[in-house]
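Protein chains in written order, with the working numbering: chain A, 1002 to 1352; chain B, 1002 to 1352; chain C, 1002 to 1352.
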Amino acid sequence: MFVKNAWYVCAMSEEIGRRLTPRTILDAPIVLYRTQDGRPAALEDRCVHRRLPLSKGRLVGDIVQCGYHGLEYEVSGRCVRVPGQTTVPPTACLKSYPLVERHGWIFIWMGDPARAVQEAIPEFFKLADDPAWCVLRGILPIKCNHLLILDNLLDLSHLAYVHPSTIGNTPVAENALVGTKASGDRVRVTRVMTDVVPAQAYIDLGGYNGNINRWQITEYVPPGFYLINNGSESASRGTPTPERIEGQSEWGFQVHHGITPETASTTFQFWQIVFPRRAQAAEDRARFEKMPVLIEDLVVYEAQQRAIECLSERGREGAVNPVIAIEADAGLTHGRRILERMLREEANGGA
Amino acid sequence: MFVKNAWYVCAMSEEIGRRLTPRTILDAPIVLYRTQDGRPAALEDRCVHRRLPLSKGRLVGDIVQCGYHGLEYEVSGRCVRVPGQTTVPPTACLKSYPLVERHGWIFIWMGDPARAVQEAIPEFFKLADDPAWCVLRGILPIKCNHLLILDNLLDLSHLAYVHPSTIGNTPVAENALVGTKASGDRVRVTRVMTDVVPAQAYIDLGGYNGNINRWQITEYVPPGFYLINNGSESASRGTPTPERIEGQSEWGFQVHHGITPETASTTFQFWQIVFPRRAQAAEDRARFEKMPVLIEDLVVYEAQQRAIECLSERGREGAVNPVIAIEADAGLTHGRRILERMLREEANGGA
Amino acid sequence: MFVKNAWYVCAMSEEIGRRLTPRTILDAPIVLYRTQDGRPAALEDRCVHRRLPLSKGRLVGDIVQCGYHGLEYEVSGRCVRVPGQTTVPPTACLKSYPLVERHGWIFIWMGDPARAVQEAIPEFFKLADDPAWCVLRGILPIKCNHLLILDNLLDLSHLAYVHPSTIGNTPVAENALVGTKASGDRVRVTRVMTDVVPAQAYIDLGGYNGNINRWQITEYVPPGFYLINNGSESASRGTPTPERIEGQSEWGFQVHHGITPETASTTFQFWQIVFPRRAQAAEDRARFEKMPVLIEDLVVYEAQQRAIECLSERGREGAVNPVIAIEADAGLTHGRRILERMLREEANGGA
Chain A
1002 MFVKNAWYVC AMSEEIGRRL TPRTILDAPI VLYRTQDGRP AALEDRCVHR RLPLSKGRLV
1062 GDIVQCGYHG LEYEVSGRCV RVPGQTTVPP TACLKSYPLV ERHGWIFIWM GDPARAVQEA
1122 IPEFFKLADD PAWCVLRGIL PIKCNHLLIL DNLLDLSHLA YVHPSTIGNT PVAENALVGT
1182 KASGDRVRVT RVMTDVVPAQ AYIDLGGYNG NINRWQITEY VPPGFYLINN GSESASRGTP
1242 TPERIEGQSE WGFQVHHGIT PETASTTFQF WQIVFPRRAQ AAEDRARFEK MPVLIEDLVV
1302 YEAQQRAIEC LSERGREGAV NPVIAIEADA GLTHGRRILE RMLREEANGG A
Chain B
1002 MFVKNAWYVC AMSEEIGRRL TPRTILDAPI VLYRTQDGRP AALEDRCVHR RLPLSKGRLV
1062 GDIVQCGYHG LEYEVSGRCV RVPGQTTVPP TACLKSYPLV ERHGWIFIWM GDPARAVQEA
1122 IPEFFKLADD PAWCVLRGIL PIKCNHLLIL DNLLDLSHLA YVHPSTIGNT PVAENALVGT
1182 KASGDRVRVT RVMTDVVPAQ AYIDLGGYNG NINRWQITEY VPPGFYLINN GSESASRGTP
1242 TPERIEGQSE WGFQVHHGIT PETASTTFQF WQIVFPRRAQ AAEDRARFEK MPVLIEDLVV
1302 YEAQQRAIEC LSERGREGAV NPVIAIEADA GLTHGRRILE RMLREEANGG A
Chain C
1002 MFVKNAWYVC AMSEEIGRRL TPRTILDAPI VLYRTQDGRP AALEDRCVHR RLPLSKGRLV
1062 GDIVQCGYHG LEYEVSGRCV RVPGQTTVPP TACLKSYPLV ERHGWIFIWM GDPARAVQEA
1122 IPEFFKLADD PAWCVLRGIL PIKCNHLLIL DNLLDLSHLA YVHPSTIGNT PVAENALVGT
1182 KASGDRVRVT RVMTDVVPAQ AYIDLGGYNG NINRWQITEY VPPGFYLINN GSESASRGTP
1242 TPERIEGQSE WGFQVHHGIT PETASTTFQF WQIVFPRRAQ AAEDRARFEK MPVLIEDLVV
1302 YEAQQRAIEC LSERGREGAV NPVIAIEADA GLTHGRRILE RMLREEANGG A
């Protein structure tokens, strides 16, 4: 089950052009393309007639033509022509999906189109358009349920054990002051470490040679958006103030994720890392590109997913749920609860 | 569910020899071989004792010997020897299947052997033995339910969109006069185009340089036999008469298919193309061999099958059925209805 | 369903060291390793917190540290540390499994640890430690239910048909005097052939040039241990006495198997062949190594398994059971009955 009345990232802008591109989002087969005026479009990827995916067909002007019997659909999803006959059955209509394109990303609305309000898309990704920032981006398909990624992003203590060669070290798990705040549908987890040994990436990129203050602030906008602000400064500056942890202070970066379920057991991670542009921008970029962080997480996700599927097949455990909670679970527990409430509300027809 | 009291093609003659050859037909595991006098034989491919497929064993004279404990079966399926003991359990008997071999094809009867009447095999394939015709043949395993192939063969408008580089062009979908006739268990779909631009293969092989009349006559003998007669002539001859469309007129060919379910999601297409022998027979053959027609259809079938399986897994649609009917569906709707009636009659024990 | 209150082989000694090694036994995910003092240990391979297999983590001294959030477990399975908090939830405990290491093999107890009595491990494998014997050993993963291997090892008539190039020939199936004896939980099948032509391996290794007496004595200790004593002698010695068939007489060897279910459809065969050390020991070993016997059996097992799964999927047959019994099934029928009784007793909470 997925929350449908919500925006999700469905593609990077450069993935979609004048070609019929299939993609499954929330278990729904979708064909993505651009009309002649360059706007992205998304239709159900199944001909109403005999179920051939329309992505196997042709884009003729702004018409999507089925590759089997030539049925033609306009961008609204309406079938406008059936070769060999003069009328078109009035019910011959594909579902079409609202799209918004911003900051190099394409967002899709999977539920009731009447509720698709553009303002609901968080502005996390906008730094990609700011010349004061450098950006790295990508799409990573992962063989796991999306909740396993939520668990990861709302408990960053894992950096100590999953990413010890780059952005993690023991103090991240052991010396952080952790705060969790849920307001409305949002969750914010703050993790502040004061006067700790810097992790390797902070030495390499931040240039520290003594202890530092460091913070990780995760903002979660359910169901699928995450912003992680990472900042640091020399420990000599004393306990960081609330104002300082809203920025990066001496050195830091932000990570933005669009986590979009493909199916119940596969998920797309659309990711973007941004860091302030400075003289050594090319070197910064090369260092960020070399870090294996996303792949280290992927290895964990996919091993968890296989473990959970094994247990589930064997009837010992049904749900993708934690078994024993620890203190660090506070953030993800909040996040999962909000998702459950959203699902319940959708099931009841509420907002 | 499959119609069992019926003949199906199970092999090309040259596939079966003095070797135990496994093949699954209508979900039943079968071992095919020839006895010493050259006659084809078909037995259930599971030893009654411990389920080893007999195709893993040995053919010793006309005896099939299991490769595990040496149980021996005669061509009737009866177990005639159990090594190490003097008696044979009277129930130790494999199912054996009636076979008929004709025109280079082997036909199998999957239901009650008492009802296996050779005359029920249609004579579609006999042109393969006629020296006035050339023949191309083959077996193509396809990952789809057999009904998707029925849909294709009873609505040839698809040539315009699936085979546009060879035998199809727009007029095939848009300018055909289509007639559908069901009589008894047979369906006949006639498609006649008058004064149309020839498709590429008709230019290359038929040698036309102006408009033509063209026809496609599909005869369907359920559950598994199809004959498609393709004919054409210069448009200057005026509307083709009923007599002319029974033959090929100036240029044409026939296609014969034995469509045999392997499982619910896989099917064998046994196919044969025949064309009148003329001076340039070698060149004709080379051109027919080069056409990607069967593979183009296979790509559609397998994409449809995956689409339907996805929908079905997700509980949104159970059956392999069309959703919105168009006029061109008349023939396949007839064909599917006859199959459904045959299945009902078999379920009720009728003929 | 598996018998759990029993010892099974889970590894060869040399497979397990100071590395976290995952292995599934009776459908349970287990991580195997050695503590610093060299003793083998086995824990449930799932962190209690978020299900990551512990085999993806690290071995730090005698502590198993989870690779996700660093939870630490001691060899008893108890969680002794959760990074970032001062207390450990008292229920944070992995299942740990009793192990015994003997003769180069590691044995695991999968059920109630209170019942794990070392004396219940049969002494089959001890000849591996006897300098008078040579040994070959290995682990073979097989894609079949373990009962198919039981069937094989308790009916050695199959040598005539599965291993005709080495240890089998027709007399093994046709001229054996077969006896089956069940006492308590054990089954013993004796097969004695008198004055028969030797199989090829008996010519090559035993050096016979005339007829021989030959015997195969299988001892089965359910659920997972098998000993097969193979002996032979010149036929001129007359019918072999009960004493002689307890040994190998002029030439022979023993085979020891630990048959351990991995899942319902996959099994580990831990095998050991021992033969008396003599002058030509190197040549003997080379000949044994070259025989394809285990692979010939594997081919049969896996073909049976696929056949049974096909039948089962199609709803025609549920159980992995013989359909028609022959006389040679006496031993395996005994063996299967004992297993069924053990399963019933475990289900009822009995011994």
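Built from N, CA and C at the ideal position, the CB exists for glycine as well.
It should be emphasised that the depicted structure is a prediction, and the values quoted were computed from it without experimental measurement.
If you compare the alpha carbons of C/L1060, C/I1150, C/Y1203 with that of C/A1042, the shortest gap goes to C/L1060. Identification of chain B residues near C/I1260 by a Cβ-Cβ cut-off of 7 Å yields none; the smallest Cβ-Cβ distance measures about 17 Å.
Between the stretch 1229 to 1245 of chain C and the stretch 1005 to 1024 of chain C there are fewer than three inter-stretch CB-CB distances shorter than 8 Å, so the stretches are not counted as touching.
The shortest CA-to-CA distance from C/L1295 to any of C/N1214, C/T1240, C/L1141, C/Q1249 is the one to C/L1141. Taking 8 Å as the upper bound for CB-CB distance, B/R1138 and B/Q1270 are not in contact here, some 11 Å apart. If you draw a straight line from the Cα of B/I1064 to the Cα of B/Y1074, it is about 6 Å long. Between the alpha carbons of B/V1163 and A/E1347 lies a gap of roughly 42 Å. With its beta carbon at least 8 Å from every one in chain A, B/H1335 lies outside the interface.
Straight across, the Cα-Cα distance linking C/R1035 with C/G1062 is about 10 Å. Listed along chain B, the residues sitting closer than 8 Å to A/V1049 by beta-carbon distance are V1324, I1325.
Under the DSSP definition of a beta bridge, C/Q1270 partners with C/L1141, C/I1260. Under the Cβ distance rule, A/S1158 counts among the residues neighbouring chain C, one pair being separated by less than 8 Å. For the 8 Å CB-CB criterion, A/R1187 and A/Y1227 do not form a contact. Residue environment analysis places B/V1083 among the buried positions, since at least 16 neighbouring C-beta atoms fall within 10 angstroms of its C-beta. The residues A1093, in chain order, have a CB closer than 6 Å to that of C/V1049 in the same chain once the five nearest residues on each side in sequence are set aside.
Across the set B/G1211, B/D1330, B/L1344, the C-alpha of B/D1330 shows the shortest separation from the C-alpha of A/Q1086. For B/P1277 against B/Q1249, the beta-carbon gap comes to about 7 Å, under 8 Å, which counts as contact.
Contact note: C/G1085 reaches chain A through S1158, A1174, E1175, A1177, V1179, I1327, E1328, A1329, using a C-beta cutoff of 8 Å and chain order.
The C-beta of A/A1133 comes no closer than 8 Å to any C-beta of chain B. Annotated three-state conformation of B/T1025 is strand, per DSSP. Look at C/E1290 here: in three-state DSSP terms it is helix.
Inclusion of B/L1053 and B/V1032 in the CB contact set at 8 Å is not warranted, their separation being larger than that value.
The Cβ of A/L1053 sits closer than 8 Å to at least one Cβ of chain B. At a cut-off of 8 Å between C-beta atoms, C/P1142 does not count as an interface residue with respect to chain A. Its Cα nearest to that of A/Y1203, the residue A/D1285 stands out among A/D1285, A/G1225, A/I1309, A/E1341. For A/L1151, no beta strand (DSSP E) segment is defined; the enclosing uninterrupted segment is the alpha helix (DSSP H) at 1147 to 1154. Contact between the stretch 1209 to 1220 of chain A and the stretch 1147 to 1159 of chain A is present: three or more C-beta pairs spanning the two stretches fall below 8 Å. Contacts with chain A at 8 Å (Cβ-Cβ) do not include C/K1005. DSSP places C/M1002 in no beta strand (DSSP E); its state is neither H nor E. Across the structure, A/A1200 and C/Y1069 are spaced so that their CA atoms are roughly 17 Å apart. At a C-beta separation below 7 Å, C/A1280 has no neighbours in chain A, since its nearest C-beta there lies roughly 51 Å away. Check the Cα spacing between B/S1077 and each of B/T1242, B/E1045, B/G1071: the tightest is with B/E1045. Cβ contact annotation for B/D1205 (same chain, cutoff 8 Å, sequence separation greater than five): R1288, in chain order.
In chain order, A1200, Q1201, A1202, M1292, P1293, V1294 place their CB closer than 8 Å to the CB of C/T1167, counting only its own chain and leaving out the 5 sequence neighbours on each side.
Looking at the DSSP output, A/K1182 shares a beta bridge with A/R1189. B/Y1221 has a beta carbon lying at 8 Å or more from every beta carbon in chain A.
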